[in-house]
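Quick mapping for you: the protein sequence lines, in order, are chains A and B. Note that our numbering has the first sequence beginning at 3, numbered continuously upward. Note that our numbering has the second sequence beginning at 244, numbered continuously upward. Here the structure comes first, spelled out in structure tokens, and everything after it is commentary.
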Amino acid sequence: MVFHSKYSEGIFDNKSRFYGRMILLCFVLLLGSFSLGVVAQTENYGWEKRENNVNLNLNSGALVDNQTLLIVGDDGKVMFSGNSGYNLTEVNIGTDENLNDVDCLDTVCFVGGENGVIFRHLDSSNWEDISPDGANGDINSIEIIEAINQNAIIVVAVTNLGEIYLTSDSGETWEEINSGLETSLNDIDFFNQTMGLIVGDGGVILGSLDGGASWGLRDVPLEVEERDINGVVFDSAVRAYVVGDEGLFLRSAIGDNPIIGFVWEIWDTESLIDFNSIDSSSVNRVWLVGGNGSILMTKDGGNSFTTQVYNTSQGINKLNKVMIFNTDIGYIIGDGSTLLYSNSGGEGESNSISVKNYDDPIVYLEMAFPILLEGFFGMLKIIFFSMILGFVLGISFAICKTSSVTFLKIFGTAYTDFFRNTPLLVQILLIHFGLVEVGVDLTFGGNIERAVMSSILSLGVNSGAYQAEIIRSGILAIPSGQMEAGRSIGLSYIDTMRYVILPQAIRIVIPPLGNEFVNLTLNSSLASLTGLFELVRGGRIIVAATFRVFQTWVFVALFYFVVTFSLTNLLRYAENKTKIPGLGLGGE
Amino acid sequence: MTERKGNTLLSIKNLEKTYQGGVLAVKDVSFEVKEKEVVVIIGASGSGKSTVLRCVNQLIEPSNGQIYLGERQINQDGVDINEVRSDIGMVFQSFELFMHLTVIENIMLGLKKVRLFSNEKAYEIARETLEKVDMMDKVDVFPGQLSGGQKQRVAIARALAMSPKLMLFDEPTSALDPELIGSVLQSMKKLANEGMTMLVVTHEIGFAKEVGDWIIYMDDGEIIEEGKPDLILVNPKTDRLKKFLGKILR
């Protein structure tokens, strides 16, 4: 505290040392709050290529868990990896047809390929050919709907001839379901055991509500009817997406029927890429892959996309399948033996902050410090102007309150009483949100940001009330003879105030004024409520982005400390500088 | 009453002052101060002498009566009291120097802000005035660093610098240690000899006798006796003055 006494002089050096140590302590605490001994990570963010020597087109895959996957490709190739795709083990299942899709559930896998071939792999058994009799079309997609037991697995498969095959006995017998279509059906996805979607060429979207036993054609927007739909994802009860050629991207909408899949809306991807596959990790976080090595990601359900282009060395870069395990881990499969892996949600360092490793103090500071600094200057601006406003108001109302004019006395008392007896928070709300309603334009015709203006105003008038009381006490501490002396040489009341009383009164009240300035600085944190970008708001942004709560608020506190500590010392300096020799009040 | 020469500078007629709460401090006081005269008001504490003095430059507003400075009544509506006060210098018992200003600044303030002199001219006048009260060696020190006597001499200089027509002294030596009184009285004597019109409230009977041209004795808010010092102080007519002088000279 800055309260000055003649005894404080002697221990001033000790005090400085004390504060110096305190700051040091804060820094040590701060450093401690970083997890020390962090290994410098050389993570390749975004999608990372998994090298292999397969050297053929990979068409699809299925995830068993986050690092175990099965991949199918041309020439009857099935490959297995148990370590996130680093090593691919070739599995011979006994066919050389091009395989188009695979689906796995634990250790159970079903593979579909050209010319109607379907193979299965049950627990601890070999691969078996379970192709449906008379199936001519190429199996484009296969999906396990439900596994009741080893012998009662429900699977659905679709072909390029519009055929839909369903089995409920693990593929022993297949039932062909007449879809009434002859166009190519390209992808299947089931949300649960009953609700599923099939998409195909010519804008076909089929929906089933009974576990695949019957399928109904869904309406699509008119302009989609001639276009080919290649992929569907139905992972959420509230939304499904489909993708197709030439940048086609549809999102389910809520119509009269609350069940998802009946109403579709076109969402613009601003792309003409042929999309082949789609997958999501949550309702709004969706990945689209397709030709030209394009990987599009949206985090907001399709409102905006970030695009990455993956180029293979061979120039073959058609991506066929995206498989998202969770928010972080995903795989992309494509032509030219392409296998991509991501453990950062498919986001690179450049286009996101959320995948950064904030355990690393450098990474954290690179993100946090500019924000803190901006908030710091925002705060400085506010406190600077509200200090001036408060001081001007304080002096004016102090003069009002000490004058002998009844009206001014009442006016001054009403002002200080109101602002000292209501919470600052309420005053901020009143000024920021209330004045607009009654038609007061705080922006001066849009020239000043309203949050800035209302923050300055509310902090200023609040501090003004306290400063008025402080200055008033200073004026009253000046002997009345000083006023008489000033008047006796012919100075007016105001001139005497200005040249005689106030210069002495202000000197006396520098210590309590200093306290008030410190209070004002700390109170400025409440101005974050107006949307003003100051330290607290900066802190909240950093916490939201990094989840480093403790160290962020320690930093914010430190910034406040720096301001108030400097302010205190500045005022102490001012106090010493303006000390009048021989005047008991200002210190001897 | 004995003859007094010269024009009347200050004339007080039927002055009354009632303080809030009904205390009657001054009752029907009338007297005159001639030009270049030193009028000394003596009396016991609480006799109303300071009130009379303060009524002259209206630091206290009189309840009744008229105050004339020259021909002009100064306690009525339409009179710029600040202008009037600038013509009446006042020296206080407790000095009332501006503590935040140096000695020279104390004197310059009125010159600059009331007389509206330039900085240079104000400085020049201030130095000349300080010379008169022998304070040239303390030009740049703060009042807090001065002794009581020095403070009072600066206060005299502050009033004097305004070139007042009349100087009021409100017990200028009462707050001083005995050994410091001399220097202040010396300055006042010098001032009187130069022809300054002065109205002095004091307990210094010696000073009154030596310098005073006219003595007014007040008690209980009234003028009891007035006259030339050699008459009134040597042969007081009233018992009250006799008693007062007896107490004070003992």
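By construction, the Cβ of each residue, glycine as well, lies at the ideal position given by its N, Cα and C atoms.
Specify the secondary structure class of residue i as computed by DSSP and reduced to three states.
i: Glu45 of chain A; result: Residue confidence for Glu45 of chain A is low, a pLDDT of 34 falling below 50, so the modelled location carries little weight; the figure read from the coordinates is stated next. Looking at Glu45 of chain A - three-state DSSP - the assignment turns out to be coil, as it is neither helix nor strand.
i: Ser86 of chain A; result: coil
i: Ala470 of chain A; result: helix
i: Asn54 of chain A; result: coil
i: Ser530 of chain A; result: helix
i: Arg253 of chain A; result: strand
i: Ser62 of chain A; result: strand
i: Arg229 of chain A; result: coil
i: Gly332 of chain A; result: strand
i: Leu539 of chain A; result: Inspection of the sequence shows that residue 539 of chain A is occupied by Arg rather than by Leu. Arg539 of chain A: helix per DSSP, three-state reduction.
i: Ser216 of chain A; result: coil
i: Asp125 of chain A; result: coil
i: Ile355 of chain A; result: Model confidence at Ile355 of chain A stands at a pLDDT of 40, short of 50, so the residue's coordinates are unreliable; what they give is reported in the following sentence. Three-state result, Ile355 of chain A: coil.
i: Glu130 of chain A; result: strand
i: Asp497 of chain A; result: helix
i: Val545 of chain A; result: helix
i: Glu349 of chain A; result: coil
i: Val104 of chain A; result: strand
Which whole-angstrom value describes the C-beta separation of residue i and residue j, a residue pair presumed to lie in contact below a C-beta threshold of 8 Å?
i: Ser282 of chain A; j: Tyr312 of chain A; result: Actually they are not in contact, since the Cβ atoms of Ser282 of chain A and Tyr312 of chain A sit about 19 Å apart, beyond 8 Å.
i: Leu409 of chain B; j: Val272 of chain B; result: Incorrect: roughly 17 Å between the Cβ atoms, too far for contact.
i: Ala159 of chain A; j: Ile95 of chain A; result: Incorrect: roughly 16 Å between the Cβ atoms, too far for contact.
i: Leu374 of chain A; j: Phe192 of chain A; result: At roughly 48 Å, the Cβ-Cβ gap does not stay under 8 Å, so Leu374 of chain A and Phe192 of chain A are not in contact.
i: Ala61 of chain A; j: Asn102 of chain A; result: It is Asn, not Ala, that sits at residue 61 of chain A in the sequence shown. Asn61 of chain A to Asn102 of chain A, Cβ: 5 Å. Contact.
i: Leu296 of chain B; j: Leu419 of chain B; result: Actually they are not in contact, since the Cβ atoms of Leu296 of chain B and Leu419 of chain B sit about 18 Å apart, beyond 8 Å.
i: Ile347 of chain B; j: Ala404 of chain B; result: Their Cβ separation, rounded to whole angstroms, is 10 Å, which puts Ile347 of chain B and Ala404 of chain B out of contact at 8 Å.
i: Gly541 of chain A; j: Val564 of chain A; result: Contact flag wrong, Cβ pair sits at about 14 Å.
I'd like to know whether the C-beta atoms of residue i and residue j end up nearer to each other than 8 Å.
i: Leu219 of chain A; j: Leu211 of chain A; result: no
i: Phe387 of chain A; j: Thr418 of chain A; result: no
i: Ile303 of chain B; j: Lys292 of chain B; result: no
i: Asp333 of chain B; j: Leu428 of chain B; result: It is worth fixing the name first, because residue 333 of chain B is Met in this sequence and not Asp. No, the pair does not count as a contact, with Cβ atoms beyond the cut-off.
i: Phe251 of chain A; j: Leu290 of chain A; result: yes
i: Asn349 of chain B; j: Val397 of chain B; result: yes
i: Leu342 of chain A; j: Ile331 of chain A; result: no
i: Thr457 of chain B; j: Lys480 of chain B; result: Thr is not the amino acid found at residue 457 of chain B; the sequence shown has Trp there. Contact flag unset, no.
i: Glu267 of chain A; j: Arg253 of chain A; result: yes
i: Leu199 of chain A; j: Val234 of chain A; result: yes
i: Ser426 of chain B; j: Gly392 of chain B; result: yes
i: Gly392 of chain A; j: Gly466 of chain A; result: yes
i: Leu65 of chain A; j: Asp76 of chain A; result: no
i: Ala547 of chain A; j: Glu536 of chain A; result: no
i: Val222 of chain A; j: Gly202 of chain A; result: no
i: Tyr219 of chain B; j: Glu447 of chain B; result: There is simply no residue 219 of chain B to check, as chain B begins at 244 and stops at 493 in what is shown.
i: Thr440 of chain B; j: Leu252 of chain B; result: yes
Please list the terminal residues of the continuous beta strand (DSSP E) segment that includes residue i.
i: Asp482 of chain B; result: Segment Asp482 to Leu492 is the alpha helix (DSSP H) holding Asp482 of chain B; no beta strand (DSSP E) there.
i: Gly292 of chain A; result: Val288 to Gly292
i: Ile459 of chain B; result: Trp457 to Asp462
i: Glu248 of chain A; result: Here Glu248 of chain A belongs to no beta strand (DSSP E), and DSSP marks it neither H nor E.
i: Gly338 of chain A; result: Gly338 of chain A -> no beta strand (DSSP E), and no H or E assigned at all.
i: Ser282 of chain A; result: Phe277 to Ser282
i: Val93 of chain A; result: Thr91 to Asn94
i: Gly596 of chain A; result: Any property of residue 596 of chain A remains undetermined from this structure, which presents chain A solely from 3 to 590.
i: Leu274 of chain A; result: Segment: none, Leu274 of chain A is in no beta strand (DSSP E) and carries neither H nor E.
i: Ile475 of chain B; result: Segment Pro472 to Ile475 is the alpha helix (DSSP H) holding Ile475 of chain B; no beta strand (DSSP E) there.
i: Gly209 of chain A; result: Val206 to Ser210
i: Lys323 of chain A; result: Leu321 to Ile326
i: Thr308 of chain A; result: Thr308 to Val311
i: Thr300 of chain A; result: Ser296 to Thr300
Please confirm whether any heavy atom of the ligand PLP lies closer than 7 Å to the CB of residue i.
i: Glu465 of chain B; result: This structure lacks the ligand PLP, and indeed carries no ligand of any kind.
What are the boundary residues of the alpha helix (DSSP H) that includes residue i?
i: Tyr575 of chain A; result: Val551 to Lys579
i: Gln69 of chain A; result: Careful: Gln69 of chain A lies outside any alpha helix (DSSP H) and carries neither H nor E.
i: Gln506 of chain A; result: Leu504 to Ile510
i: Lys383 of chain A; result: Pro363 to Thr404
i: Val428 of chain A; result: Leu426 to Leu431
i: Lys411 of chain A; result: Thr408 to Arg422
inquiry  = So within the segment 244-314 of chain B, which uninterrupted beta strand (DSSP E) runs reach at least 3 residues, ignoring any that extend past its ends?
reply    = 251-261, 267-277, 281-286 and 307-312
query = Which residue spans inside the segment 141-198 of chain A form an unbroken beta strand (DSSP E) run of at least 3?
reply = 141-149, 155-161, 166-169, 177-179 and 187-192
query = What runs of the beta strand (DSSP E), each 3 residues or longer, lie entirely inside the segment 308-383 of chain B?
reply = 331-334
ask   = What are the start and end residues of each continuous alpha helix (DSSP H) run of 4 or more residues lying completely inside the segment 434-494 of chain A, in chain order?
value = 452-479 and 482-490
task = Counting only runs of 4+ residues fully inside the segment 390-467 of chain B, write out the alpha helix (DSSP H) ranges in chain order.
result = 391-403, 421-436 and 448-454
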